[in-house]
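Under full-length UniProt numbering, read the sequence shown as residues 1 to 54, first letter to last.
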Amino acid sequence: MTDDDPHGAWTKRLISLGPDISADKAREFVHDLYDHAQSDLDDERTEAEFEREE
């Protein structure tokens, strides 16, 4: 984990909660979670924008 890793703090936190989790698996989980959350937000924004235009 580097200082320029935007998910580094969350990865460290996950590892501290589950010390048996490898750093790679924790990083992958946090990255996937972020991507899914961002995608959901993008979908919500798109839907709200569409409704405003109607």
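All C-beta atoms, glycine included, are put in the ideal place defined by N, C-alpha and C. Remember, predicted model here, so these are calculated numbers, not experimental data.
Report the option in Gln38, Gly8, Asp43, Leu41 whose CA atom is closest to the CA atom of Lys25.
-> Taking the sequence shown and counting its residues from 1, the one referred to as residue 25 is at position 25. Comparing Cα-Cα distances from Lys25 to each of Gln38, Gly8, Asp43, Leu41, the minimum goes to Gly8.
Contacts around Ile15, its chain only, beta-carbon distance under 8 Å, and the 5 residues preceding and following it disregarded | As a position in the sequence shown, residue 15 is number 15, starting the count at 1. Answer for Ile15: Ile21, Ala23, Ala26, listed in chain order.
Alpha-carbon to alpha-carbon, Asp32 and Glu49 = Position 49 of the sequence shown holds residue 49. Position 32 of the sequence shown holds residue 32. Going by the C-alpha atoms only, they are around 26 Å apart.
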